[in-house]
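Reviewing the structure listed below.
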Amino acid sequence: MEFLLTRRVAISAQWSSEPLRRAVARFQRDLEMTLNPGELIPAGRIQLVLARSMAPEQYSIDLQSAESMVIRAADDLGAVYALLYLSRTALGILPFWFWNDQKFEKRELAAVTRPHHAARPAAVGLRGWDFTGGELLEHWNASAPCLNWEMAFEALLRCGGNFVALPDGKPAELAGAMGLWRLQPEALPLEAPAFDDRYPGRPPRFADSEAEYRALWSAAVEQRKQQKLIWRLGLPARGGEMLPEDGGAPLARQGAELSRVLRAQYDALRAVLPAAPVCVTVSGKTAVLARSGMLDLPDDVVRLWPDNGYGKFVAPRQGQNDPRTPQLPDAGSAGRHGVFFHAAVSDGMAGNCLTMRPAAMELAAQELCDAFEQGARAMWLVCAGCVKPHVYPLDALAALWRDVDADLNAHRTAYLNAYYRAPDGWALQPRQLDDLDTCLKSWPQVTAAFGRWPDQRAGEQLMVCAARAAASAWLAGRTRGPVPALRWAAGDTPFADQLAWLRGVCADALPGLETLQAGCEYAARPTTRLWKDTVLAQVRLYRLCLQGVVLLCDAWSAWCDSHYRLCFVRLGRAAAAFEQARRVLGGCAHGRWASFYQQEETATDLGRTVWVLRSLMALPRAAGDGPDYTAWQREVLGAKAPAAAMLDEPLWSAMEQAGRE
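Under our numbering, the letters of the sequence shown match residues 151 to 811, in that order.
Printed below as a string of structure tokens:
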């Protein structure tokens, strides 16, 4: 038996809701994207039946006849997932179809041949994305209102996700309308207003104003009790005075103080919503107390353990202090546990806003599998940034939250085979796929290592932000002491030593990136533009940023040796390298992505870095060509030199064309 899907298929449901309405409309759009109108084939009927006896989010699909299909779903999300399953298996629509510009060759019909399918529960209960660092997504001028967020949420649903981490607002409302839960912001426990805003003049310590705090939290719960929320406990961002100074107090006393606050928030929630999901982030002092058994939390509160920002479950770096202490619960610890894992991070240090995760996916799998074995099964929150540059890691991480034993080598091969096609739409040859696979697998092996640990691989922000910080310090004359923005990695050493460290890191990585770029360019030949816009573009951008930093550091060496013209030329080349990196992104800005890559909205602001470096060129010019500013142009251009002083950039271009340093 087979059920034929056509654009005229009729869909009816036993219940109505906004997520269900949107799911049906999405499925009908999928039919229109993939099928021709065809009038000769009888229209089948899909019935959506509410089956509350099923576990949450579960569904089954049964073929009753060639013209009748029944979908039984436990709830809205069960129905959403069922229709998305049909969309993928029968219509061929992939989870990141929008983000990877999947092309569809329309046909008359699609057949569903499996008589019965029952969904398997995901390995992890709550599965979601955080969009911190997603400024590109937020500021993208999409062709339709909210298209950016709608497509991000749709991709999450297609990956089997069920919640987003967002503050209240229009994107959050859209997520709820699509059936997703919303995780409250960490800085606003229960999304209550700041205490001193609501109770000005009252003492901020919890012990002195407990009644007021409880009233504040109760009101916050009452205000949002109708929303589909994962509630968050904790200390607010402006709550540093809630607890007394520990002053070396025993951990037991510190744990008791914090536990009282968290318990009061929990009680305010449970008084209104006895079964709502609730979590608390376990980091910093909270992690120390939790691992010491000094934090008293109800068992149904999910303890959310964050990684260090780079995919390793150790304590995050605090300035130059990188303790590497474990950041996971002991196996068998009481309560429910989850993790916050970064596929993308925008920290202005070694983040990867515009490039995919720089460390190996195998390391990510090992960390998450270890976390799962130690009890982190209730909730996985993945930082997705602005989605598009991170599609492959997000797809791989979704495979793990569905099945923690997923084979990432097989996943990578399947991912490449699914998205990367020949220009005529046919599948690539095995040898061609092997070339793509080798390139993608090689990426984390050649990214810059800023430390000795496997997770200490740098995203493009190491080069871009470090170059800007070093150039600004040089321009301002602050070159005797360390650059504060580089202390975290290069140490509290003099400026010259910091630059020597930075140059070493980037120069060591350059040969590998050059080899990888050549391989990616070769692999790009038989496939479509997608490869050039994704993996190859990121490799090119990364290599150019490495090159720009090496040139900047070499310019400093020339400056110290009073070789001012050489310094000027190298600074111009450094600026040109970052400008080329900016143009690489410009080459990806076509079609719906025409206004997506606005790096000025991010810490990875290539245009600002170019501007700073070009401004810095004035120093060696003043030292070596001033005060008349015409000697260099006469030396380079001879009789063709203009009488008036040339601007820095035209002079540098003339030097480059003449091959003069």
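All C-beta atoms, glycine included, are put in the ideal place defined by N, C-alpha and C.
What you are looking at is a predicted structure, and each value in this text was computed from that prediction instead of being measured.
Hey, which unbroken runs of the beta strand (DSSP E) at 3 residues or more fall wholly within the stretch 528 to 606? 529 to 533
Report yes if the C-beta distance between residue 530 and residue 488 is below 8 Å; otherwise report no. For the purposes of this step, residue 530 is taken as residue 380 along the sequence shown, with counting starting at 1. For the purposes of this step, residue 488 is taken as residue 338 along the sequence shown, with counting starting at 1. Cβ atoms of residue 530 and residue 488: closer than 8 Å.
Taking residue 661 as the reference, give the member of 297, 379, 597 with the closest Cα. If you number the sequence shown from 1, residue 661 lands on position 511. Selected option, being the one with the closest Cα: 597.
Is the beta carbon of residue 376 less than 8 Å from the beta carbon of residue 332? For the purposes of this step, residue 376 is identified with residue 226 of the sequence shown, where counting begins at 1. For the purposes of this step, residue 332 is identified with residue 182 of the sequence shown, where counting begins at 1. For residue 376 and residue 332, no; Cβs fall outside 8 Å.
Residue 713 bridges to which residues according to DSSP? Within the sequence shown, numbered from 1, the residue matching residue 713 stands at position 563. By DSSP's assignment, residue 713 forms no beta bridge with any residue.
Could you compute how far the alpha carbon of residue 763 sits from the alpha carbon of residue 731? For the purposes of this step, residue 763 is taken as the residue at position 613 of the sequence shown. For the purposes of this step, residue 731 is taken as the residue at position 581 of the sequence shown. Going by the C-alpha atoms only, they are around 14 Å apart.
Would you give the residue range spanned by the alpha helix (DSSP H) that residue 309 belongs to? Position 159 of the sequence shown, counted from the first residue, corresponds to residue 309. Premise fails: residue 309 is in no alpha helix (DSSP H) and is neither H nor E.
Chain-order list of residues whose beta-carbon lies under 6 Å from that of residue 605 (same chain, five-residue window excluded): Reading the sequence shown from its first residue, position 455 is the one you call residue 605. Contacts found: 460, 461, 462, 509.
Run through the stretch 346 to 429 for me and flag every whole beta strand (DSSP E) of 3 or more residues, listed as ranges in chain order. 379 to 383
Helix, strand or coil at residue 689 according to DSSP, with G and I counted as helix: Walking along the sequence shown from the start, residue 689 turns up at place 539. Of the three classes helix, strand and coil, the one that applies to residue 689 here is helix, per DSSP.
Enclosing beta strand (DSSP E) for residue 127 [first to last residue]: As shown, the chain starts at 151 and ends at 811. That puts residue 127 outside it, with no answer to give.
Report the rounded CA-to-CA distance for residue 787 versus residue 738, giving the unit in angstroms. The sequence position of residue 787 within the sequence shown is 637, counting from 1. The sequence position of residue 738 within the sequence shown is 588, counting from 1. Whole-angstrom Cα-Cα distance: 37 Å.
Consult DSSP for residue 219 and reduce its assignment to one of helix, strand or coil. As a first step, residue 219 is located in the sequence shown; it is residue number 69 there, counting from the start. Correct three-state label for residue 219: strand.
Is the stretch 217 to 233 close to the stretch 273 to 286, with three or more CB pairs under 8 Å? no
Residue range of the alpha helix (DSSP H) that includes residue 662: Start at 1 with the first residue of the sequence shown, and residue 662 comes out as number 512. According to the DSSP assignment, residue 662 belongs to the alpha helix (DSSP H) that extends over 645 to 673.
Is residue 248 helix, strand or coil when you go by DSSP? Stepping through the sequence shown from its first residue, residue 248 is reached at position 98. Note: residue 248 maps to coil in three-state DSSP.
Taking a contact to mean a Cβ-Cβ separation below 8 Å, would you say residue 453 touches residue 440 in this structure? Along the sequence shown, read from residue 1 onward, the residue named residue 453 stands at position 303. Along the sequence shown, read from residue 1 onward, the residue named residue 440 stands at position 290. Yes, the pair counts as a contact, with Cβ atoms nearer than the cut-off.
Here's the rule: buried if 16 or more other CB atoms are within 10 angstroms of the residue's CB, otherwise exposed. What is residue 458? Residue 458 sits at position 308 when you count from the first residue of the sequence shown. Buried is the call here.
For residue 187, report the span of its beta strand (DSSP E) as first-last. Numbered from its first residue, the sequence shown carries residue 187 at position 37. Element bounds for residue 187: n/a, residue is neither H nor E.
Let me know the secondary structure DSSP gives residue 154 once reduced to three states. Mapped onto the sequence shown, residue 154 falls at position 4. Assigned with DSSP and collapsed to three states, residue 154 falls in strand.
N- and C-terminal bounds of the beta strand (DSSP E) containing residue 492: Locating residue 492 in the sequence shown gives position 342, counting from the first residue. Residues 486 to 492.
Return the bridge partner residues of residue 732 from the DSSP annotation. Position 582 of the sequence shown, counted from the start, is the residue given in the question as residue 732. Paired residues: none, contrary to the question.
Would you be able to state if there are at least three C-beta pairs under 8 Å between the stretch 714 to 721 and the stretch 668 to 680? no
Between residue 623 and residue 467, what straight-line distance do the alpha-carbon atoms span, to the nearest angstrom? As a position in the sequence shown, residue 623 is number 473, starting the count at 1. As a position in the sequence shown, residue 467 is number 317, starting the count at 1. Roughly 24 Å between the two C-alpha positions.
Per DSSP, cross-strand counterpart(s) of residue 740: Sequence index remark: in the sequence shown, residue 740 carries index 590 (1-based). In the DSSP assignment, residue 740 forms no beta bridge with any residue.
With distances taken Cα to Cα, identify the nearest neighbour of residue 771 among 811, 751, 749, 759. Position 621 of the sequence shown holds residue 771. Closest option to residue 771, Cα to Cα, is 811.
Leaving aside the five residues before and after residue 329 along the sequence, list all residues of the same chain whose C-beta is less than 6 Å from its C-beta, in chain order. The residue you call residue 329 lines up with position 179 of the sequence shown. These residues qualify, in order along the chain: 169, 226, 227, 230.
First and last residue of the uninterrupted alpha helix (DSSP H) at residue 775: For this step, residue 775 is matched to residue 625 along the sequence shown. From DSSP, the alpha helix (DSSP H) with residue 775 extends over 768 to 775.
Give me the DSSP bridge partner(s) of residue 280. Reading the sequence shown from its first residue, position 130 is the one you call residue 280. In the DSSP output, where bridge partners are listed per residue, residue 280 has 315, 533.
Do you know whose CA, among 749, 586, 555, lies nearest residue 564's CA? Taking the sequence shown and counting its residues from 1, the one referred to as residue 564 is at position 414. Measuring from the Cα of residue 564, the nearest candidate turns out to be 586.
Measuring alpha carbon to alpha carbon, tell me which of 705, 611, 648, 779 ends up nearest residue 752. As a position in the sequence shown, residue 752 is number 602, starting the count at 1. Closest by C-alpha distance to residue 752, out of 705, 611, 648, 779, is 611.
Meets three-Cβ-pair contact criterion under 8 Å: the stretch 689 to 703 and the stretch 629 to 639: no
When we look at the beta-carbon of residue 538 and count the other beta-carbons within 10 Å, is it buried (16 or more) or exposed? In the sequence shown, counting from the first residue as 1, residue 538 sits at position 388. Buried, by the Cβ-count rule.
Whole angstroms is fine: what's the gap from residue 755's alpha carbon to residue 502's? Position 605 of the sequence shown holds residue 755. Position 352 of the sequence shown holds residue 502. The alpha-carbon atoms of residue 755 and residue 502 are separated by roughly 12 Å.
Which term fits residue 715, buried or exposed, when burial requires 16 or more other beta carbons within 10 angstroms of its beta carbon? As a first step, residue 715 is located in the sequence shown; it is residue number 565 there, counting from the start. Flag for residue 715 reads buried.
Compare the C-alpha of residue 583 against each of 568, 593, 574 and name the closest. Along the sequence shown, one-based indexing puts residue 583 at 433. Ranking 568, 593, 574 by Cα distance to residue 583 puts 568 first.
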